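Student: Taken in order, the sequence shown gives residues 17 to 380; the numbers are from this note's numbering.
Idealized CB from N, CA, C, for every residue including glycine.
From a predicted model like this one, the values you see are computed outputs, not experimental measurements.
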Amino acid sequence: MATFRMTLCFLLALVLLATPCFAASLTDSLKAGKADLKSAGSLAFGPDGVLFVGDSLGGAIFAIDTQDGAAAATPTVEVKGLAEKIAAMLGTTADQIQINDVAVNPVSKKTYVSVSRGLGPTAAPVILRIDGAGKLEALSLDNVKHSSVALPNPANASTTGRGNPRMQAITDLAFVNNQVFVAGLSNEEFSSTLRAIPFPFNQVDKGTSAEIWHGSHNRFETNSPIRTFLPYKVNNEDTILASYTCTPLVKFPVSSLKPGARVMGTTIAEFGAGNTPLDMIAYSKNGKNYILMSNTSRGVMKYSADGLEAYPPITKSVPDKAGIPYETITSLSGVVQMDRVDGENAVVLERTASGLNLRTVALP
17 MATFRMTLCF LLALVLLATP CFAASLTDSL KAGKADLKSA GSLAFGPDGV
67 LFVGDSLGGA IFAIDTQDGA AAATPTVEVK GLAEKIAAML GTTADQIQIN
117 DVAVNPVSKK TYVSVSRGLG PTAAPVILRI DGAGKLEALS LDNVKHSSVA
167 LPNPANASTT GRGNPRMQAI TDLAFVNNQV FVAGLSNEEF SSTLRAIPFP
217 FNQVDKGTSA EIWHGSHNRF ETNSPIRTFL PYKVNNEDTI LASYTCTPLV
267 KFPVSSLKPG ARVMGTTIAE FGAGNTPLDM IAYSKNGKNY ILMSNTSRGV
317 MKYSADGLEA YPPITKSVPD KAGIPYETIT SLSGVVQMDR VDGENAVVLE
367 RTASGLNLRT VALP
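(1) Could you tell me the boundaries of the beta strand (DSSP E) in which Ala-298 lies?
(2) Measuring straight from C-alpha to C-alpha, what distance separates Ile-143 and Ser-333?
(3) Going by DSSP, what residue range makes up the alpha helix (DSSP H) through Leu-98?
(4) Whole angstroms are fine: how far does the CA of Asp-158 sit from the CA of Ser-51?
(5) What separation, rounded to the nearest whole angstrom, lies between the Cα atoms of Arg-278 and Gly-57?
(6) Could you check what DSSP says for Thr-43 in three-state terms: helix, strand or coil?
(7) Nearest by alpha-carbon distance to Leu-379: which of Gln-114, Lys-101, Tyr-342, Val-363 is it?
(8) How big is the Cα-Cα spacing for Ala-87 and Glu-204?
(9) Given a cut-off of 7 Å, decide if Leu-67 and Ile-80 are closer than it, judged by their beta-carbon atoms.
(10) Helix, strand or coil for Thr-376? Go by DSSP, reduced to three states.
(11) Just to confirm, does Thr-238 get its C-beta within under 6 Å of one of the non-hydrogen atoms of the ligand PLP?
(12) Among the residues of its own chain, which have a CB less than 8 Å from the CB of Asn-252, if the five just before and after it don't count?
(13) Where does the unbroken beta strand (DSSP E) through Phe-268 begin, and where does it stop?
(14) Does DSSP put Ser-207 in a helix, a strand or coil?
(15) Would you mind reading off the limits of the beta strand (DSSP E) that contains Tyr-327?
(16) In this structure, how does DSSP classify Asp-64 when only helix, strand and coil are distinguished?
(17) Quick check: the Cα distance between Thr-224 and Ile-284, rounded to an integer number of angstroms?
(18) In this structure, does DSSP put Pro-181 in helix, strand or coil?
(19) With Gly-350 and Arg-367 assumed to form a contact (beta carbons below 8 Å), what rounded beta-carbon distance in angstroms separates them?
(20) DSSP puts Ser-164 in a beta bridge; with which residues?
(21) What are the residues that DSSP puts in a beta bridge with Ile-146?
(22) Run the CB neighbour count on Phe-26, radius 10 Å, all protein chains shown included, and call it buried at 16 or more, exposed below.
(23) Determine the burial state of Leu-201: buried for a count of at least 16 other Cβ atoms within 10 Å of its Cβ, exposed for fewer.
(24) Which residue's Cα is closest to the Cα of Asp-254: Pro-269, Ala-60, Asp-221?
(25) Examine the Cβ distances between the segment 62-78 and the segment 89-96 and report whether three or more of them are shorter than 8 Å.
Dropping the structure here:
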């Protein structure tokens, strides 16, 4: 009997050793078919080459398997006249191309760009990827593994007045800890909204209404959208660092993002009026932590990400600037989008006198 048990244990051990171990992949929940985007805006990467795409016009978030998971060394990318090159590839002219966002696949190091071919609500969504040699390739959306989830209350579409509020249904997104964080406008009374959507997608709640004190405007605001945000740990607490037009920086604890709730953010900086934040990235250098923020009027700001919990809340009128000090990185100008490539480099999309250029830069 003892011999039989020993033999059985030996055989079971062989079976276990011979059985391959497969880690669960984010792509397991995705199904092949046409990814029917109505628009392509904000981009963010998750693991396994999954690209998250904000479709404001369609009021949805898409997860797309890029099948781009081969690890690669960091390339040095330089593409001049990017809009012209995209236009030539898509059979149109540069004035019919709108570049909406840039994201770097952290594994393959390829740069992904969301594009509108044409202007207005009839523009066709396109997603391109660019390798280290500057080669452009369109990501096919016709038969690709993907999933999507519809927002239950996106901002209402309008064809009258200035602009279409629906295009601000998704102003920025990020993926952290199997959640897709989404900022934008809803159709609720207090329309500025933050959402935390679990992935794989199942359903999405109505989100959390985000309220702030805007020192530059000397008032509370509930209907101004977050323009760009960054998930970050502040004093070991998961936090959303969000920036708005004219340029307050506000903290929202992730734990406060409850379905249907209203949350008051903590304003910790006013970077000045007459300015719109465009993008933010975080990085470490020489043992210290920093955040870069690109803007429409003040170049690229660099400020310390250490000790953000120590800044007192701004609760009164601010005539100019207050809170966190910053420096302007003079070597970077006209930056409209950026994403970190690795611990030492970033890719930036710069607007110059000759057009839009994409290039790799060292983190300052």
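Tutor: Concretely, from the data shown:
(1) Numbered from its first residue, the sequence shown carries residue 298 at position 282. The continuous beta strand (DSSP E) containing Ala-298 extends over residues 293-301.
(2) As a first step, residue 143 is located in the sequence shown; it is residue number 127 there, counting from the start. As a first step, residue 333 is located in the sequence shown; it is residue number 317 there, counting from the start. Ser-333 has its alpha-carbon roughly 42 Å from the corresponding atom of Ile-143.
(3) Locating residue 98 in the sequence shown gives position 82, counting from the first residue. Counting along the chain, the alpha helix (DSSP H) containing Leu-98 begins and ends at 98-106.
(4) For the purposes of this step, residue 51 is identified with residue 35 of the sequence shown, where counting begins at 1. For the purposes of this step, residue 158 is identified with residue 142 of the sequence shown, where counting begins at 1. According to the sequence provided, residue 51 is Ala. The question's Ser does not apply to it. Their backbone Cα atoms lie some 6 Å apart in a straight line.
(5) On the sequence shown, residue 278 is found 262 positions in, with the first residue counted as 1. On the sequence shown, residue 57 is found 41 positions in, with the first residue counted as 1. Going by the C-alpha atoms only, they are around 26 Å apart.
(6) Residue mapping note: residue 43 aligns to position 27 of the sequence shown, counting from 1. Thr-43: helix per DSSP, three-state reduction.
(7) Numbered from 1 along the sequence shown, position 363 holds the residue referred to as residue 379. Measuring from the Cα of Leu-379, the nearest candidate turns out to be Val-363.
(8) Counting from one through the sequence shown, the residue named residue 87 turns up at place 71. Counting from one through the sequence shown, the residue named residue 204 turns up at place 188. The alpha-carbon atoms of Ala-87 and Glu-204 are separated by roughly 43 Å.
(9) Position 64 of the sequence shown, counting from 1, holds the residue named residue 80. Position 51 of the sequence shown, counting from 1, holds the residue named residue 67. In contact: Ile-80 and Leu-67 (Cβ atoms closer than 7 Å).
(10) Residue 376 sits at position 360 when you count from the first residue of the sequence shown. Residue state, collapsed to three classes: strand.
(11) As far as ligands go, the structure on display features none, and thus does not contain the ligand PLP.
(12) Working through the sequence shown from its first residue, we reach residue 252 at position 236. Nothing listed; no residue qualifies.
(13) The count along the sequence shown starts at 1 and reaches residue 268 at position 252. Taken as a continuous stretch (DSSP letters only), the beta strand (DSSP E) holding Phe-268 covers 264-269.
(14) Numbered from its first residue, the sequence shown carries residue 207 at position 191. Note: Ser-207 maps to coil in three-state DSSP.
(15) Residue mapping note: residue 327 aligns to position 311 of the sequence shown, counting from 1. Segment: none, Tyr-327 is in no beta strand (DSSP E) and carries neither H nor E.
(16) Here residue 64 is taken as the residue at index 48 of the sequence shown, counted from 1. Helix, per DSSP.
(17) Taking the sequence shown and counting its residues from 1, the one referred to as residue 224 is at position 208. Taking the sequence shown and counting its residues from 1, the one referred to as residue 284 is at position 268. The C-alpha of Thr-224 lies about 20 Å from the C-alpha of Ile-284.
(18) For this step, residue 181 is matched to residue 165 along the sequence shown. Looking at Pro-181 - three-state DSSP - the assignment turns out to be helix.
(19) Start at 1 with the first residue of the sequence shown, and residue 350 comes out as number 334. Start at 1 with the first residue of the sequence shown, and residue 367 comes out as number 351. About 4 Å separates the CB atoms of Gly-350 and Arg-367; that is less than 8 Å, so the two are in contact.
(20) Locating residue 164 in the sequence shown gives position 148, counting from the first residue. The partner list for Ser-164 (beta bridge, DSSP) reads Phe-78.
(21) As a position in the sequence shown, residue 146 is number 130, starting the count at 1. Under DSSP, Ile-146 shares a beta bridge with Thr-127, Leu-152.
(22) Numbered from 1 along the sequence shown, position 10 holds the residue referred to as residue 26. Note that Phe-26 scores a pLDDT of 39, beneath 50, so its modelled location is shaky and nothing firm can be said.
(23) Position 185 of the sequence shown, counted from the first residue, corresponds to residue 201. Counting Cβ neighbours within 10 Å, Leu-201 comes out buried, since at least 16 surround it.
(24) Here residue 254 refers to the residue found at position 238 when the sequence shown is read from its first residue. Measuring from the Cα of Asp-254, the nearest candidate turns out to be Pro-269.
(25) no
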